[in-house]
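In what follows, a structure is listed as C-alpha cells, so that the remarks can point back to it.
Residue numbers (this note's numbering): 4 to 365.
Encoded structure:
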C-alpha cells in the first residue's frame, strides 16, 4: 500500500464530506473550499521535501499545549504520564515558540495539528498563535466546559480551529468518568456552537464495554440533532492490568471498522475517524512520523502521546530535526511499528522496547 497516497486520498475525502456538510453556510463553505486548495498545496510540499531531504513529512501532528485541566477525569492518561495536573507539571513553551512550530509545520506541508492537553482552552494565547497559522486545520480537543460567548466568538472568527468536545457516551457514562454535570455542560456548548452554524465534533474513547453504544444509531442520531459533524473514536489505552479488559483486541478492531463503515453510509452529514484504526491494513502503527507524531508541552518530539520518549525538541531543534529524530528512525528501522499489541497503542504496550531504543540498548 502506498501510505502517502492513501492518507492524501483520505484527507481529500474528509474535506469533500466537510464541504457537503456546510453548503448551506456560505462562510463555512468558502473556508472549506479554500482549505481544499491549501491541503493540495501541502501535499505537494510534503512530496517535495521527501524528494529533496529523503524524510517523509506526515500530514498530521499532535500538540499537547496545556499542562492544566479543570476536570479530574478517571483514568486520564495526561495526568498519569505527567503531561497535565492541577498545577503545571512541566516546563511549557511560550505562545511565540508554539507559533514558530506551527509556521514550520505549515511550511513542511503538515495539514492537521490536533491540539490537546490538559485542557487546551486554558491556553488562549497559544490558540491565537494557532489561529494565525491559516494553512493548518487545528482540531481542538476540549472537555467543552469552558466554551461560552467568548470562545464561541473566537471559533467564529477563526474557522481553522475546530472544537472537538470529549464525551464517553450519554449522560451516565460521561458523568461517571468526567464528573457530575459535565455531559449537560458539553451539550450546552454544542448548542451554542450549532446556533452560530459552526463546524464542530466530538471525541469518544471507545472500550470493549461501550463501543456498541457509542456507534449506535440512537447515539449518533442524538449527536446529529445537536449539530455535531465530526466523530473521532479513540481506542482506550490500558494503564495497568486492572483495566486491560477494556482494550480492543483484533476482533473488536475488525467489528469497529465494519460498524463505522456502515455509519458512514447512513450518516452522510458526519465525518467518522478512528484512532489508531485498523493498523494491519496500514502495515503497522502510524506513529514516529510515519503518519503523525507528538509534541509535548515542553517541545519534546515524541513518537505518540502514549509513548512519551524523546531525543529531540521541536522548539530548540526545529521540526525538520524532529522528523529525522534518531529515535523515530530506530523505531521504524526496528519495525517496531508492526509490533503485536492487544489494542489502543502499539508503542505504549511495547514501552520497554521503545525505552531501550532510546537508551541505545537495541
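Glycine included, every Cβ here is placed at the ideal spot set by N, Cα and C.
These numbers come from a predicted model, not from an experiment.
**Request:** Report yes if the CB atom of residue 309 is closer than 7 angstroms to the CB atom of residue 351, and no otherwise.
**Result:** Start at 1 with the first residue of the chain shown, and residue 309 comes out as number 306. Start at 1 with the first residue of the chain shown, and residue 351 comes out as number 348. Contact: yes.
**Message:** Classify residue 249: buried if its beta carbon has 16 or more other beta carbons within 10 angstroms, exposed otherwise.
**Reply:** On the chain shown, residue 249 is found 246 positions in, with the first residue counted as 1. Answer is buried; the Cβ neighbour count reaches 16.
**Message:** Does the region 34 to 42 come into contact with the region 267 to 281, if we say contact requires no fewer than three beta-carbon pairs (one atom in each stretch) closer than 8 angstroms?
**Reply:** no
**residue 142, DSSP secondary structure in three states** = Working through the chain shown from its first residue, we reach residue 142 at position 139. Strand.
**Request:** Say whether the region 194 to 213 touches the region 152 to 161, bearing in mind that this needs 3 or more beta-carbon pairs closer than 8 angstroms, one atom from each stretch.
**Result:** yes
**Item:** Residues that DSSP places opposite residue 204 in a beta bridge
**Value:** Here residue 204 refers to the residue found at position 201 when the chain shown is read from its first residue. DSSP lists 167 and 233 as partners of residue 204.
**Prompt:** Can you name the start and end residues of the alpha helix (DSSP H) that residue 105 belongs to?
**Reply:** If you number the chain shown from 1, residue 105 lands on position 102. Residue 105 -> alpha helix (DSSP H) spans 98 to 111.
**Distance between residue 150 and residue 361 (C-alpha atoms, nearest Å)** = Counting from one through the chain shown, the residue named residue 361 turns up at place 358. Counting from one through the chain shown, the residue named residue 150 turns up at place 147. If I take the Cα positions, the gap works out to 40 angstroms.
**Request:** Buried or exposed for residue 232, please, with buried defined as at least 16 other CB atoms from any protein chain shown within 10 angstroms of its CB.
**Result:** By one-based count along the chain shown, residue 232 stands at place 229. Classification of residue 232: buried, given that the 10 Å Cβ count is 16 or more.
**Message:** If the criterion is Cβ atoms closer than 7 angstroms, does the pair residue 74 and residue 188 meet it?
**Reply:** Here residue 74 refers to the residue found at position 71 of the chain shown. Here residue 188 refers to the residue found at position 185 of the chain shown. No, the Cβ-Cβ distance between residue 74 and residue 188 is not below 7 angstroms.
**Asked** Would you say residue 141 touches the ligand MG, meaning its beta carbon is less than 6 angstroms from a heavy atom?
**Response** You won't find the ligand MG in this model; it holds no ligand whatsoever.
**Message:** Whole angstroms are fine: how far does the CA of residue 359 sit from the CA of residue 124?
**Reply:** For the purposes of this step, residue 124 is taken as residue 121 along the chain shown, with counting starting at 1. For the purposes of this step, residue 359 is taken as residue 356 along the chain shown, with counting starting at 1. Distance between the alpha carbons of residue 124 and residue 359 is about 36 angstroms.
**Request:** Starting from the C-beta of residue 115, find all residues in its chain whose C-beta is less than 6 angstroms away, skip the five residues before and the five after it, and write them out in chain order.
**Result:** Counted from its first residue, the chain shown places residue 115 at position 112. Here the set comprises 63 and 140.
**Item:** residue 86 versus residue 79: straight-line alpha-carbon distance, rounded
**Value:** By one-based count along the chain shown, residue 86 stands at place 83. By one-based count along the chain shown, residue 79 stands at place 76. Spanning the two alpha carbons is a distance of roughly 10 angstroms.
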